[in-house]
Ligand SMILES: *Cc1c(COP(=O)(O)O)cnc(C)c1O
């Protein structure tokens with residue numbers, strides 16, 4: 019399908035490829051939404067390849083083919099949310115299995131591990147994989163290592179290739195949540211990861227209009243097992259949401275290029291701003307992960323975290339933004355500001371927040387594609403109010 023046809027194309031072009039045979043006989047350029055729960059058979063043994071949408075759907079399959087292609091995997095599975103994707107990956111493990119997870123992760127993933135997976139008998143150890151040696155944490159029952167890079171929200175960067183070598187030496191699998199950079203900037207499977215996860219809600223969808231998630235794999239055995247879990251638990255993405263994300267992906271490259279350009283400019287701008295005590299953006303040469311990013315990614319992304327000098331100042335910023343939305347989530351065309359301590363990380367244990375430096379002075383930006391001068395003017399205005 020999409021796979022053979024797009025081999026050799028650049029990533030920008032891969033975003034445009036739809037399977038013309040699968041699309042329809044009338045030559046639709048926008049892939050149709052096959053809003054059908056079930057599919058008729060041509061006779062006994064005459065399945066069209068589509069039986070029931072929990073298992074397969076042409077629109078979703080088209081999306082899966084594009085995402086597999088973008089991440090250089092053999093298959094991608096599209097889920098009803100990023101969390102459904104993470105939860106389904108966790109179903110690969112058995113009670114008694116041990117997983118090493120990075121200490122700075124999306125809050126919902128931490129909640130899943132703590133509240134659901136532990137109850138089902140999985141064991142977790144939290145480590146700072148950007149700084150610590152993973153080998154120190156491996157036990158007899160360790161099965162996998164799970165991380166994000168750059169992390170959310172503190173932007174710690176881990177060397178995926180180095181980690182994957184250590185992990186594979188011990189027979190474990192490496193799972194990377196690649197939401198923050200998207201396949202446009204980073205391909206963890208190429209760097210040695212075994213499983214890639216995405217919240218499709220973010221950069222892939224790109225417009226804050228739908229929720230979705232992906233798992234991309236390169237091993238047939240893992241794929242087979244995940245497909246069985248997938249059709250059994252029924253966490254697949256709906257045809258309409260599949261179509262929305264398919265459409266979002268068409269502009270992935272231009273959106274990300276522009277958002278990154280804005281992020282770099284905003285990082286520089288905020289660095290020189292009074293009341294800003296720290297700007298954490300992996301595209302700044304003084305970021306500890308800068309060299310690793312240059313080696314393993316094609317860009318630095320559009321996420322940046324900054325710290326101001328008081329909680330009150332942070333509150334004033336949040337209370338007074340107008341152009342920028344004070345909202346959770348990331349990866350859309352409009353700039354969002356998030357307060358991790360009460361939003362994305364509200365349920366993360368206090369000890370972990372302290373350890374990661376996620377204080378009431380930390381703000382996270384998902385930089386959009388607005389005019390940079392308007393974004394700067396917005397901050398000028400808000401900072402002036404906050405400083406009163
Ligand atoms: C948003 C997010 C998730 C969860 O995805 P949903 O689509 O909200 O379920 C997982 N990981 C990261 C890094 C995220 O940003």
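Residue numbers (our numbering): 19 to 406.
Even for Gly, the Cβ is constructed at its ideal location relative to N, Cα and C.
Just so it is clear, the structure is predicted and the values come from calculations on it, not from any experiment.
* To do: Compute the minimum distance between the beta carbon of residue 124 and the heavy atoms of ligand 1, and state whether it is under 8 Å.
  => yes
* For the region 37-103, list the alpha helix (DSSP H) runs that are entirely contained and at least 4 residues long, ordered along the chain. => 38-41, 76-88
* To do: Specify whether the region 103-116 and the region 221-229 touch according to this definition: at least 3 beta carbon pairs, one from each stretch, less than 8 Å apart.
  => no
* Who pairs with residue 162 in a beta bridge, going by DSSP? -> 117, 191
* Asked: Looking at the structure shown, is residue 381 part of a helix, part of a strand, or coil, going by DSSP?
  -> strand
* Taking the Cβ atom as the reference point for each residue, do residue 336 and residue 355 lie within a distance shorter than 9 Å? -> yes
* To do: May I ask you to list the residues that DSSP assigns as paired with residue 217?
  => 231
* **CA nearest to the CA of residue 161, picked from 178, 173, 186, 146** => 186
* Heavy atom of ligand 1 within 8 Å of residue 127 beta-carbon -> yes
* Asked: Do residue 317 and residue 273 have their CB atoms nearer than 9 Å?
  -> no
* Asked: Taking just the CA atoms, how far does residue 69 sit from residue 241?
  -> 19 Å
* beta-carbon residue 364 near ligand 1 non-hydrogen atom, thresh 8 Å -> no
* Asked: Which same chain residues, not among the five before or five after residue 131, have their C-beta less than 6 Å away from its C-beta?
  -> 142
* Continuous beta strand (DSSP E) assignments of at least 3 residues falling wholly in the region 311-374 -> 321-326, 354-356
* **DSSP beta-bridge partners of residue 143** => 118
* Among 95, 106, 89, 373, which has the Cα closest to the Cα of residue 82? -> 95
* **Supposed close pair residue 184, residue 152 - CB separation, criterion 8 Å** => 5 Å
* To do: Taking residue 85 and residue 193 to be in contact with their CB atoms under 8 Å, please state how far apart those CB atoms are, rounded to whole angstroms.
  => With 8 Å as the limit, residue 85 and residue 193 do not qualify as a contact, their Cβ atoms being about 16 Å apart.
* To do: Compare the C-alpha of residue 159 against each of 140, 361, 98 and name the closest.
  => 140
* Can the beta-carbon of residue 349 be found closer than 9 Å to that of residue 203? -> no
* Name, in chain order, the residues that DSSP records as bridge partners for residue 254. => 97
* Asked: Would you call the region 305-323 and the region 162-177 touching, i.e. three or more CB-CB distances under 8 Å?
  -> yes
* Relative to ligand 1, is the shortest distance from any of its heavy atoms to the C-beta of residue 212 smaller than 8 Å? -> no
* Asked: Quick one, are the C-beta atoms of residue 148 and residue 120 less than 9 Å apart?
  -> yes
* With C-beta atoms as the reference, is residue 380 less than 9 Å away from residue 171? -> yes
* Alpha carbon to alpha carbon, how far is residue 32 from residue 134? -> 37 Å
* Going by the CB atoms, is the gap between residue 262 and residue 235 shorter than 9 Å? -> no
* Can you say whether residue 320 is buried or exposed, counting buried as having 16 or more other CB atoms within 10 angstroms of its CB? => buried
* To do: With a threshold of 8 Å, establish whether the CB of residue 329 neighbours any heavy atom of ligand 1.
  => no
* For residue 257, which residues from the same chain have a beta carbon less than 6 Å from its beta carbon, with the 5 sequence-adjacent residues on both sides left out? -> 51, 52, 53, 75, 77
* Residues near residue 382 by beta carbon distance below 6 Å, same chain, minus five either side -> 171, 323, 356, 358
* **Buried versus exposed call for residue 59 [16 or more other C-beta atoms within 10 Å across all chains shown]** => exposed
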